[in-house]
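The listed protein sequences correspond, in order, to chains A and B.
Each residue of the first sequence is one higher than the one before, counting from 1 in the working numbering.
Each residue of the second sequence is one higher than the one before, counting from 1001 in the working numbering.
Accompanying notes for the structure given below.
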Amino acid sequence: MAREYDFVIIGNGSAAFSAAIKASEITRNQASVAMIGMGPPGGTCVNVGCVPSKYLIEAAKAVNFQRNPGYPGIKQNSPDVDFHALIESLRSAVVKEREERYVRVARSYPNVEIIKGFASFVSSDTVMVETGTENVQVKGFNFLIATGSRVKIPEIIGLNHTGYLTSDSIWDLNSVPESIGIIGGGFVAMEIGQALQRLGCKVTVIKQHDTIAPGIEKELGYELMESLKSEGISFLPGRNVTGVHRKGSKKIIEAASAGGKDIVEVDEILISSGRTPNVEGLNLEKAGVRYSSMGIQVREDFSTSNPLIYAAGDVVDQKYKLETLAAREGAAVASNIFDHSSKSMDMHEIPWAIFTEPQLASVGYTEEEYRRDQGKAVARTIPLNAVPKARILRQERGAIKIVVDSNSNAVVGVHALSPYAAEFIMEGVLAIKHKMTVKDLVENSHIFPTVSEGIKLAAQSFTRDLSMMSCCME
Amino acid sequence: MENMAERKVTMRIYGMTCDDCVASVAGGLKEAGATGISVSLEDGMAVLTIDDSRVSPESLAHIPVFTGNSRYRSQIRRVD
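See the structure below:
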């Protein structure tokens, strides 16, 4: 006999939780919800993603600030780092965040039942859940598939035998390796790479692309790479890793490029080759849900090819894999099911950030993307040293770029490599969402001196020579 | 032909907590053109009949008693 629920959620990450909470709010805790998941509540972000990585990044920033205070007259200091104590505090922070934001929250909703187990569809409205001790049939009127994603492991000869770390397992380290080879570029490589380098590790990034990742403003990506190089990180772009093996206590990475072959000797290997959606084992064929290796295909309202089954978050075949996006999509699904809304997401209004120092934050089209889609684009880039606050901070490396539609002057992309870029990119989000022009950006007072004033200055650069302007003028 | 247009609709109702709620939901459904309305507080369900040449089953989830500031929401579960 199957247990029956109004809403069955497969997964227990951010999309799953926000969907369960929103469904409860709309129905005044009267929708019966089952949330089925295997791993710790909260999914990637709180357990092995944003929370631990930003903790490590901020700790490494504190170390770096002592080494490089940045102002004349302040003595440099080389702090002793007890990495074991640091990583233990990181683990405690993760547990605390998970308990506070997920475990406690789940207990607050009497209509939500947590089922620990692995679900796979046996028909279009029923899943079989393996709990480890028994198999339970769970039937639902609506389903949400929110099983997230996992680290994509490239097929490299010798990798399994040699051993490697991922963004999941790096939090098990109890000491900083003397050296690490990061295979793949992207967000994890930049963030964790900089943090480890600052904590005393020698970091080498071996990657296929010549910039950080496809789809970002190349000029800002190059500038970030230059900034990281200036801290001592080595980049080997344009390389294919052909094999890895052990040599005594060391690990050897062999990489090939048009120019020849590289041999990199390191203590550890970190894989940073992107993420892949968790669709295996769900038996989606039984439910009539279409998917590919890129993820589950959804309509604008996040319903799948089975109209009673929805999908949200990293498991969806979509441009971004972000916790913030997953949580919004989960809530949108609940609204679409229980409030009969028609909520959708426009990927061009979704901001993202790389939490390096300086930070790289972005929303909307790159200049190249918009030109490819619309035939033409207009863009302006200002160097960060044109922003007074950046000069005061003595952190002048970076740039701010705005892309506009050449007919309407509406802002379609904002990109910043700058201190606090992840904080002030929201102005770009609102500008794109509300179809503001660069004139609209200029005609709003920005606090002086802030780095975010750079958005206004970048907007002004469309019509003015910044070097001919006095402070704060419109 | 008149019988052909009659449909029995089963709905899941969310947000009801008392007999007044039952009356409000039943009243809202009646205003929308439903007849033979039976609303269960215990099950959170409603069963009713409509003439689908005048009212589509799908439209019932969007009537005023189930939208906007109303505390009730609904889903169509079955149409016979």
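C-beta: ideal position from N, C-alpha, C; glycine also.
Just so we're clear, the structure is a prediction, and the values are computed from it rather than from any experiment.
Alpha helix (DSSP H) containing residue i: first to last residue?
i	result
A:Lys-439	438-442
A:His-161	159-162
A:Asn-336	323-338
A:Met-190	186-198
Listing by chain order, which chain E residues have their CB less than 8 Å from the CB of residue i?
i	result
B:Arg-1078	Among the chains of the structure shown, chain E does not appear; the protein chains present are A and B.
Expressed to the nearest angstrom, what Euclidean distance is found between the alpha-carbon atoms of residue i and residue j?
i	j	result
A:Val-481	A:Val-122	There is simply no residue 481 of chain A to check, as chain A begins at 1 and stops at 474 in what is shown.
A:Val-151	A:Gly-49	11 Å
A:Ala-189	A:Ile-182	6 Å
B:Lys-1008	B:Ile-1050	7 Å
A:His-348	A:Lys-319	10 Å
A:Thr-324	A:Gly-274	17 Å
A:Gln-76	A:Glu-231	15 Å
A:Val-8	A:Pro-154	33 Å
A:Leu-90	A:Pro-110	31 Å
A:Asp-262	A:Pro-214	23 Å
A:Pro-383	A:His-245	43 Å
A:Gln-66	A:Thr-27	52 Å
A:Glu-367	A:Glu-4	50 Å
A:His-161	A:Gly-243	11 Å
A:Glu-453	A:Ala-410	19 Å
A:Ser-445	A:Met-473	10 Å
A:Ala-31	A:Ile-21	10 Å
A:Ala-93	A:Met-35	25 Å
A:Met-1	A:Phe-141	16 Å
A:Met-436	A:Glu-427	10 Å
A:Ser-470	A:Gly-185	41 Å
Determine the contact status of residue i and residue j, defining contact as a CB-CB distance below 8 Å.
i	j	result
A:Tyr-338	B:Arg-1073	The question names Tyr, but residue 338 of chain A in the sequence shown is Phe. Yes; because the gap between Cβ atoms is below 8 Å, this pair is in contact.
B:Gly-1036	B:Arg-1012	no
A:Lys-278	A:Ala-255	Here residue 278 of chain A is Asn; the residue named in the question, Lys, does not match the sequence. Not a contact, by the Cβ cut-off of 8 Å.
B:Val-1025	B:Ala-1046	yes
A:Leu-441	A:Ile-455	yes
A:Ala-106	A:Gly-313	no
A:Ile-402	A:Ala-379	yes
A:Glu-357	A:Lys-61	yes
A:Glu-268	A:Leu-165	yes
A:Lys-116	A:Thr-126	no
A:Pro-449	A:Lys-389	yes
A:Ser-418	A:Gln-359	yes
A:Pro-237	A:Cys-201	no
A:Ile-87	A:Asn-12	no
A:Ser-14	A:Ala-327	yes
A:Ser-63	A:Pro-79	Note that residue 63 of chain A is Val in the sequence shown, not Ser. Yes, they are a contact pair.
Check for me: the beta strand (DSSP E) holding residue i runs from which residue to which?
i	result
B:Thr-1010	1006-1014
A:Ala-59	Per DSSP, A:Ala-59 belongs to no beta strand (DSSP E); it is in the alpha helix (DSSP H), 50-67.
A:Arg-290	Element bounds for A:Arg-290: n/a, residue is neither H nor E.
A:Pro-383	378-383
A:Phe-302	Neither: A:Phe-302 is in no beta strand (DSSP E) and is coded neither H nor E.
A:Lys-251	250-257
A:Ala-34	33-37
B:Val-1025	B:Val-1025 -> not in any beta strand (DSSP E); alpha helix (DSSP H) instead, spanning 1019-1031.
A:Ile-10	3-10
A:Val-411	411-418
A:Lys-202	202-206
With a 10 Å radius around its C-beta and 16 neighbouring C-beta atoms as the bar for buried, classify residue i as buried or exposed.
i	result
A:Ile-74	exposed
A:Ala-287	buried
B:Met-1001	For B:Met-1001, the predicted structure reports a pLDDT of 46, less than 50, and the residue's modelled location is therefore unreliable. A value from the coordinates is still provided. Burial call: exposed.
A:Arg-290	exposed
A:Gly-281	exposed
A:Ile-392	exposed
A:Asp-82	exposed
A:Ala-258	exposed
A:Gly-148	buried
A:Ala-85	exposed
B:His-1062	exposed
A:Met-468	exposed
B:Cys-1018	exposed
A:His-415	buried
Round the Cβ separation of residue i and residue j to the nearest angstrom and send it over; I've been treating them as touching at under 8 Å.
i	j	result
A:Gly-398	A:Gly-364	Not a contact, Cβ separation roughly 18 Å.
Tell me whether residue i counts as near the ligand NAP, meaning its Cβ is closer than 7 Å to at least one heavy atom of that ligand.
i	result
A:Arg-380	In the structure on display, the ligand NAP does not appear, and there are no ligands present to speak of.
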